[in-house]
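Enquirer: I have a structure here, written as structure tokens, and I will follow up with some questions on it.
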Amino acid sequence: MLPPDLDPARALRAAIRQASHGLVDREVLIDVIVLAAVAGEHVLVVGPPGTAKSEAARRVARALGGSYFEYLLGRFTEPSEIFGAVDLAKLRQGLVETDTTGMLPEAEIAFLDEVFQGSTAILNTLLGILNERVFLRGHTRVRCPLRLCLGATNALPTDPSLAAFADRFLMRVFVEPISDPLLEELLTAGWRLSADEPDSAPFASMTALDDLARRSRAVELKGIVPLLSEAVRRLRAGGLHLSDRRVVRSQRLIAAAAALDGRTQATGADLWPLIFVVPTADEQAAARELLSSVLAAGDNGVLQAAAEEATQGPVARARRLTAAADQLLADGAILVDAAWRLRVEALLREIDAGFAGNDRPADLGDRRDKLVETMGRVA
Amino acid sequence: MPLPARAVLVRAAAARQLAHHLLGWESARLAPLRACVGDDLMVVLGDDTCLPWVDQAIYLGHDPAAPGLLLPTNRGLNVPVDLFAEALTRRVGRGPWAVLPADSGGLVAVPIAPAGPIARDQLEAWVMRARS
Chain X
1 MLPPDLDPAR ALRAAIRQAS HGLVDREVLI DVIVLAAVAG EHVLVVGPPG
51 TAKSEAARRV ARALGGSYFE YLLGRFTEPS EIFGAVDLAK LRQGLVETDT
101 TGMLPEAEIA FLDEVFQGST AILNTLLGIL NERVFLRGHT RVRCPLRLCL
151 GATNALPTDP SLAAFADRFL MRVFVEPISD PLLEELLTAG WRLSADEPDS
201 APFASMTALD DLARRSRAVE LKGIVPLLSE AVRRLRAGGL HLSDRRVVRS
251 QRLIAAAAAL DGRTQATGAD LWPLIFVVPT ADEQAAAREL LSSVLAAGDN
301 GVLQAAAEEA TQGPVARARR LTAAADQLLA DGAILVDAAW RLRVEALLRE
351 IDAGFAGNDR PADLGDRRDK LVETMGRVA
Chain U
380 MPLPARAVLV RAAAARQLAH HLLGWESARL APLRACVGDD LMVVLGDDTC
430 LPWVDQAIYL GHDPAAPGLL LPTNRGLNVP VDLFAEALTR RVGRGPWAVL
480 PADSGGLVAV PIAPAGPIAR DQLEAWVMRA RS
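Chain order of the listed sequences is X and U. Mapping to our numbering: the first sequence position 344 is 344, numbers consecutive. Mapping to our numbering: the second sequence position 19 is 398, numbers consecutive.
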């Protein structure tokens, strides 16, 4: 547990590390979940079953200490399974009210698997909760403490009648099964997780999240309006059309990115969340190409993985590699063995493959030199 | 975005250092790699996670627009890659080639068609020749 007076952004950064621990290749998803939570938006994660979508949501909820609700929707799921059953005591008094105890209307973080399988009744009620944070059913009108809803689906819906509901999930993340090079890491991490006790003490809190959300709403956006407008124009010129709603609300994500990075004014470095607003995976890839020069300076000290994934730019990449080098240097101060050497070689390879000597940022160059020196001493 | 590395090229002392490094690897680790050598250079080909590292190494990758070329992963061309590939083919013939900047400011094109599995005895023989 971290000191209670810790800066909220640092607390969230620690929470992200806690949530990511043991999860392989899901750092981007966790970063996006946290960004959306600060911005007050929702996330749709698209990917096949068994790709740790729900585990990522659970871990963020645990790391933030938030009340959590999770459900797998099906075609025959009753609204009472999501929102609560009729309150029988009130019914005897002639009032049709819902007992929402422990159900989604009382959750601060919610995960709905196969979210588009829900009935019209469920989705219509969810619309109100996602949009206005209000649960309406019969005589029940409840203000919901929901910070974030993470919806999961195997594939994007093709039914036009679901388009309005789908559009409520501003951010989209596409996950795939672990790639071949990471299989050993997945197996090791998965086995270790099953043996370890889960860390139940949250590293941050809803208070920290709400504090950052307030700061996010106060971020000055004037400076990035021309940049964002230019980015949207480039997307349109490339055949990618975002709804006006998505364009306007992307500003919340940009403001949240700036707030998480400790700034009161958004800059060009904060535009990268726009990639996650683009609705499909193919379109996100196209958007990265179209916006590569606009996003090249994209970076975020707290959401490093998501910034690098969105920009695929040198600034974010250098930051990640520098952090990785610091970790290896710290590990090497404790133990230098064959496994450590392999990790160092892999990192040096990535650094040299990614940056020509004179293009390396100073910090990264410094860490590289230290790693090379350490390798030389222990050769 | 850097090209995914598919080869590493080393010259002079770095090439000899890499050869010694590879001679210390187990056969299973060498198996996914192929290599070709010149008088004082070596090119090792393989997936990025399998490639070795030494200081001064140059990593090369394929641009989809020019699959017959291996280009530095960390530098872009200032001309369209497909036109560059066409011009290079007219100049030096069909590849595959590993292409990198020369110290003099031009380009060096290294043929990589002869690349084959890494055999320890051949690597040792190359090290001996490179020393003399």
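No residue lacks a Cβ here, since even glycine has one placed at the ideal position from N, Cα and C.
Quick check on asparagine 131/X: buried or exposed, where buried means 16 or more other Cβ atoms within 10 Å of its Cβ?
Expert: Within the first sequence, residue 131/X is the residue found at index 131, counting from 1. By the 10 Å Cβ count, asparagine 131/X comes out exposed.
Enquirer: Between the alpha carbons of leucine 456/U and isoleucine 254/X, how many angstroms are there, rounded?
Expert: Here residue 456/U is taken as the residue at index 77 of the second sequence, counted from 1. Here residue 254/X is taken as the residue at index 254 of the first sequence, counted from 1. Between leucine 456/U and isoleucine 254/X, the C-alpha separation is close to 32 Å.
Enquirer: Please return the same chain residues whose Cβ sits closer than 7 Å to the Cβ of glycine 138/X, not counting the five positions on each side in sequence.
Expert: Taking the first residue of the first sequence as 1, we reach residue 138/X at position 138. Result list for glycine 138/X: Val96, Glu97 and Thr98, in chain order.
Enquirer: What residue ranges within the stretch 76-163 of chain X form continuous beta strand (DSSP E) runs of no fewer than 3 residues, ordered along the chain?
Expert: Correct list: 109-113, 134-137, 140-143 and 148-153.
Enquirer: Starting from the Cα of phenylalanine 165/X, find the closest Cα among Leu126/X, Arg17/X and Lys370/X and give me that residue.
Expert: Position 165 of the first sequence holds residue 165/X. Ranking the options by Cα distance to phenylalanine 165/X, first place goes to Leu126/X.
Enquirer: Looking only at its chain, what residues have a beta carbon closer than 8 Å to the beta carbon of glutamate 114/X, apart from the 5 residues adjacent to it on each side?
Expert: Locating residue 114/X in the first sequence gives position 114, counting from the first residue. Cβ within range, chain order: Leu72, Leu73, Gly74, Ala152, Thr153 and Asn154.
Enquirer: Hey, would you say glycine 108/X sits closer than 8 Å to arginine 147/X, going by beta carbons?
Expert: Along the first sequence, read from residue 1 onward, the residue named residue 108/X stands at position 108. Along the first sequence, read from residue 1 onward, the residue named residue 147/X stands at position 147. Reading off the sequence shown, one finds glutamate at residue 108/X, where the question assumed glycine. Yes.
Enquirer: Which whole-angstrom value describes the C-beta separation of valine 43/X and isoleucine 30/X, a residue pair presumed to lie in contact below a C-beta threshold of 8 Å?
Expert: Your numbering for residue 43/X matches position 43 in the first sequence. Your numbering for residue 30/X matches position 30 in the first sequence. Their Cβ separation, rounded to whole angstroms, is 11 Å, which puts valine 43/X and isoleucine 30/X out of contact at 8 Å.
Enquirer: Could you give the uninterrupted runs of the alpha helix (DSSP H) lying entirely in the stretch 221-273 of chain X, keeping only those of 4 residues or more?
Expert: Correct list: 225-237 and 244-260.
Enquirer: Which same chain residues, not among the five before or five after alanine 464/U, have their C-beta less than 7 Å away from its C-beta?
Expert: Residue mapping note: residue 464/U aligns to position 85 of the second sequence, counting from 1. Same-chain partners within the cutoff: Ala445, Gly447 and Leu448.
Enquirer: With a 10 Å radius around its C-beta and 16 neighbouring C-beta atoms as the bar for buried, classify valine 389/U as buried or exposed.
Expert: Translated into the one-based positions of the second sequence, residue 389/U becomes position 10. With 16 or more other Cβ atoms within 10 Å, it is buried.
Enquirer: Is the CB of arginine 395/U under 8 Å away from at least one CB in chain X?
Expert: Numbered from its first residue, the second sequence carries residue 395/U at position 16. Output row for arginine 395/U: interface = no.
Enquirer: Check the DSSP bridge columns for arginine 382/X and list the partner residues they point to.
Expert: With chain X covering 1 to 379 only, the question about residue 382/X has no answer from this structure.
Enquirer: Since methionine 421/U and alanine 384/U are thought to touch, with beta carbons under 8 Å apart, how far apart are those beta carbons, to the nearest angstrom?
Expert: Taking the second sequence and counting its residues from 1, one reaches residue 421/U at position 42. Taking the second sequence and counting its residues from 1, one reaches residue 384/U at position 5. In fact, because the Cβ distance is near 15 Å, the residues do not count as touching under 8 Å.
Enquirer: Rounded to whole angstroms, how far is the Cβ of leucine 364/X from the Cβ of leucine 321/X, which I believe are closer than 8 Å?
Expert: For the purposes of this step, residue 364/X is taken as residue 364 along the first sequence, with counting starting at 1. For the purposes of this step, residue 321/X is taken as residue 321 along the first sequence, with counting starting at 1. The Cβ separation is near 6 Å, so the contact holds.
Enquirer: What residues in the stretch 262-296 of chain X bring their beta carbon closer than 7 Å to a beta carbon of chain U?
Expert: Within the stretch 262-296 of chain X, no residue qualifies.
Enquirer: Chain U beta carbons: is any one of them nearer than 8 Å to that of glutamine 327/X?
Expert: As a first step, residue 327/X must be located in the first sequence, where it is residue number 327. So no, glutamine 327/X is outside the interface.
Enquirer: Determine which residues share a DSSP beta bridge with proline 496/U and list them.
Expert: The sequence position of residue 496/U within the second sequence is 117, counting from 1. According to DSSP, which records beta bridges pairwise, proline 496/U is partnered with Arg413/U.
Enquirer: Using a beta-carbon distance below 8 Å, is alanine 494/U in contact with chain X?
Expert: Locating residue 494/U in the second sequence gives position 115, counting from the first residue. It does not; no Cβ of chain X falls within 8 Å.
Enquirer: Count the CB pairs spanning the stretch 7-22 of chain X and the stretch 59-69 of chain X that are closer than 8 Å, and state whether there are at least three.
Expert: Touching, yes.
Enquirer: From the DSSP secondary-structure annotation, give me the bridge partner or partners of glycine 22/X.
Expert: Along the first sequence, one-based indexing puts residue 22/X at 22. DSSP lists no partner for glycine 22/X.
Enquirer: So who's on the other strand from glycine 440/U, going by DSSP bridges?
Expert: As a working mapping, residue 440/U is identified with position 61 in the second sequence. Paired residue(s): Ala384/U and Leu450/U.
Enquirer: Could you spell out where the beta strand (DSSP E) holding tryptophan 476/U opens and where it closes?
Expert: Here the question's residue 476/U lines up with position 97 in the second sequence. 476-480 is the span of the beta strand (DSSP E), which, as asked, contains tryptophan 476/U.
Enquirer: Residues in its own chain within less than 7 Å of alanine 492/U by CB, not counting five upstream and five downstream?
Expert: The sequence position of residue 492/U within the second sequence is 113, counting from 1. The answer, listed in chain order, is Pro475.
Enquirer: Using beta-carbon positions only, say whether glycine 116/X and threonine 100/X come within less than 8 Å of one another.
Expert: Here residue 116/X corresponds to residue number 116 of the first sequence, with the count starting at 1. Here residue 100/X corresponds to residue number 100 of the first sequence, with the count starting at 1. Before going further, note that residue 116/X is phenylalanine rather than glycine in the sequence given. For phenylalanine 116/X and threonine 100/X, no; Cβs fall outside 8 Å.
Enquirer: Which residues bound the beta strand (DSSP E) around proline 314/X?
Expert: For the purposes of this step, residue 314/X is identified with residue 314 of the first sequence, where counting begins at 1. Not the beta strand (DSSP E): proline 314/X falls in the alpha helix (DSSP H), residues 314-334.
Enquirer: Restricting to Cα atoms, I'd like to know which of Phe169/X, Leu371/X, Asp159/X and Gly102/X is closest to proline 145/X.
Expert: Stepping through the first sequence from its first residue, residue 145/X is reached at position 145. Nearest of Phe169/X, Leu371/X, Asp159/X and Gly102/X to proline 145/X, Cα basis: Gly102/X.
Enquirer: From Arg408/U, Ile497/U and Pro480/U, pick the residue whose C-alpha is nearest to that of valine 489/U; which is it?
Expert: As a first step, residue 489/U must be located in the second sequence, where it is residue number 110. Among Arg408/U, Ile497/U and Pro480/U, the Cα nearest to that of valine 489/U belongs to Pro480/U.
Enquirer: So which of Val506/U, Val487/U and Ala410/U has the shortest CA-CA distance to valine 471/U?
Expert: As a working mapping, residue 471/U is identified with position 92 in the second sequence. Taking only the C-alpha atoms, the option nearest valine 471/U is Val487/U.
Enquirer: Are arginine 246/X and leucine 295/X touching if we call contact CB-CB under 8 Å?
Expert: Start at 1 with the first residue of the first sequence, and residue 246/X comes out as number 246. Start at 1 with the first residue of the first sequence, and residue 295/X comes out as number 295. Result no, Cβ atoms of arginine 246/X and leucine 295/X do not sit closer than 8 Å.
Enquirer: Against chain U, with Cβ distances strictly below 8 Å, would aspartate 400/X count as a contact?
Expert: The shown model of chain X, from 1 to 379, leaves out residue 400/X, and the question about it has no answer.
Enquirer: Could you spell out where the alpha helix (DSSP H) holding glutamate 465/U opens and where it closes?
Expert: In the second sequence, the residue the question calls residue 465/U occupies position 86. That run of the alpha helix (DSSP H) goes 460-471.
Enquirer: Check whether the Cβ atoms of leucine 382/U and threonine 452/U lie closer than 8 Å to each other.
Expert: Locating residue 382/U in the second sequence gives position 3, counting from the first residue. Locating residue 452/U in the second sequence gives position 73, counting from the first residue. Yes. Within cutoff.
Enquirer: From the DSSP output, read off the bridge partner residues of alanine 445/U.
Expert: Position 66 of the second sequence holds residue 445/U. DSSP, once it has assigned bridges, lists Asp442/U as partnering alanine 445/U.
Enquirer: What did DSSP end up calling proline 49/X once you bin it into helix, strand or coil?
Expert: Here residue 49/X corresponds to residue number 49 of the first sequence, with the count starting at 1. Coil.
Enquirer: For the putative contact between valine 344/X and leucine 303/X, defined by C-beta atoms under 8 Å, what is the C-beta separation to the nearest angstrom?
Expert: Position 344 of the first sequence holds residue 344/X. Position 303 of the first sequence holds residue 303/X. That pair is no contact at about 26 Å.
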